[in-house]
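For reference, the structure discussed in these notes is given below.
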């Protein structure tokens with residue numbers, strides 16, 4: 004587990020596209036670029052002119068009031084919704100028009116606002132399902148339980164326990180996923196997303212339902228995941244202590260449009276952000 008006392012955010016510097024990324028990532032291809040992204044549902048313009056750049060190892064936050072369009076952005080990034088306009092580039096490759104499975108193989112993993120585990124399966128099986136891309140045996144070998152099947156299953160078992168150990172959950176491997184406490188189910192979703200070997204992991208309200216101690220542990224583990232896996236993290240979260248504590252770059256949405264981008268310090272001092280969250284103060 005990472006030690007937040009020693010955690011230091013990377014210095015944010017300008018990228019050629021006039022976005023900011025951590026200084027350590029400035030000479031690398033961004034892991035994500037959203038360019039003039041937008042989506043309409045009938046006559047409703049849900050997201051409009053969304054632009055965002057994320058560095059290869061950045062922990063970034065996407066925040067805004069309820070209904071601002073944050074999860075809609077996640078759904079476009081993962082192919083659930085095809086954007087009406089704009090471009091999404093992952094690690095230098097355009098992904099618009101790709102299926103959710105193709106996008107996952109290209110490097111984006113995610114969790115969901117509403118937990119989507121296979122509740123009747125074991126904790127380990129939930130993780131192993133996400134390991135299918137790295138398991139190499141044929142249907143024939145699986146049906147007849149041939150040696151390569153057992154070899155690959157052993158590797159998957161060991162990898163699942165290794166991933167579960169990130170959250171000290173390896174002892175829960177045989178438990179039914181649906182019987183886990185809410186916070187543990189949230190953590191299992193993150194483990195399952197990591198099992199797909201993402202280059203960018205999208206976390207949709209990962210601290211929802213967690214108490215302050217669990218949230219602190221989650222913050223430490225998000226930093227640990229970034230450091231150990233050398234991947235980027237983009238999270239939607241309403242817990243501002245978490246967002247301001249670990250996010251290096253923060254993007255603020257309101258009514259489907261970006262109203263501010265910057266570091267935690269810049270966002271906290273931005274009048275448009277304060278107004279979006281607190282409402283415009285009437286003059287006395």
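In the numbering used here, the protein residues as written are 4 to 287.
Even glycine gets a Cβ: it sits at the ideal position worked out from N, Cα and C.
Check your understanding: If you drop the 5 nearest sequence neighbours on each side, which residues of the same chain put their C-beta closer than 7 Å to that of residue 13?
Key -> 25, 26, 27, 251
**Study point:** heavy atom of the ligand MN below 6 Å from residue 183 C-beta
**Key:** This structure simply doesn't include the ligand MN, nor any ligand for that matter.
Check your understanding: Using DSSP with H/G/I as helix, E/B as strand and the rest coil, what is residue 235?
Key -> strand
**Study point:** Pick from 60, 84, 180 that is closest to residue 119, judged by C-alpha positions
**Key:** 180
Check your understanding: If you pair each beta-carbon of the segment 247 to 266 with each one of the segment 61 to 71, do three or more pairs fall below 8 Å?
Key -> yes
Exercise for review: Please look up how many angstroms separate the CB atoms of residue 103 and residue 83, rounded, as I've assumed it's under 8 Å.
Suggested key: That pair is a contact at about 6 Å.
Review point. Using the C-alpha atoms, what's the distance from residue 279 back to residue 286?
Key: Residue placement at residue 286 is flagged as unreliable, the pLDDT there being 44, under the threshold of 50; the coordinate-derived value follows with that caveat. Going from the Cα of residue 286 to the Cα of residue 279 covers about 17 Å.
Exercise for review: At 3 residues or longer, and completely inside the segment 13 to 56: list those beta strand (DSSP E) runs for me, N to C.
Suggested key: 15 to 17, 23 to 25, 35 to 44
Check your understanding: Taking the alpha-carbon positions, what's the residue 33 to residue 138 distance?
Key -> Spanning the alpha carbons of residue 33 and residue 138 requires a straight line of approximately 29 Å.
Check your understanding: With 16 as the cutoff for other CB atoms within 10 Å, does residue 152 come out buried or exposed?
Key -> buried
Point to revise | Beta-carbon proximity list for residue 131, same chain, < 7 Å, skipping 5 on both sides | key: 159, 163
Practice item. Return the first residue and the last residue of the beta strand (DSSP E) that residue 257 is part of. Key: 252 to 257
Practice item. In the DSSP assignment, find the unbroken alpha helix (DSSP H) run with residue 187 in it and report its ends. Key: From DSSP, the alpha helix (DSSP H) with residue 187 extends over 185 to 197.
Review point. How many Å lie between residue 241 and residue 96 at the Cα?
Key: 31 Å
Review point. What residues are listed by DSSP as bridge partners for residue 63?
Key: Beta-bridge partners of residue 63 (DSSP): 237, 252.
Exercise for review: Measure the C-alpha to C-alpha separation of residue 93 and residue 37 and round it to an integer number of angstroms.
Suggested key: 9 Å
Check your understanding: Can you tell which of 44, 237, 126, 41 has the C-alpha that lies nearest to the C-alpha of residue 292?
Key -> The structure shown does not extend to residue 292, since the chain spans only 4 to 287, so no value can be given for it.
Review point. Can you tell me the Cα-Cα spacing of residue 56 and residue 5, whole angstroms?
Key: 25 Å
Check your understanding: residue 205 and residue 237: beta carbons closer than 7 Å?
Key -> yes
Exercise for review: Return the CA-CA distance between residue 129 and residue 270, expressed in angstroms with no decimal places.
Suggested key: 37 Å
Practice item. Report the rounded CA-to-CA distance for residue 49 versus residue 40, giving the unit in angstroms. Key: So the alpha carbons of these two residues sit roughly 11 Å apart.
Point to revise | Limits of the alpha helix (DSSP H) - the one that residue 162 falls within | key: 150 to 167
**Study point:** Nearest-angstrom Cβ-Cβ length linking residue 197 and residue 210, presumed shorter than 8 Å
**Key:** Contact flag wrong, Cβ pair sits at about 17 Å.
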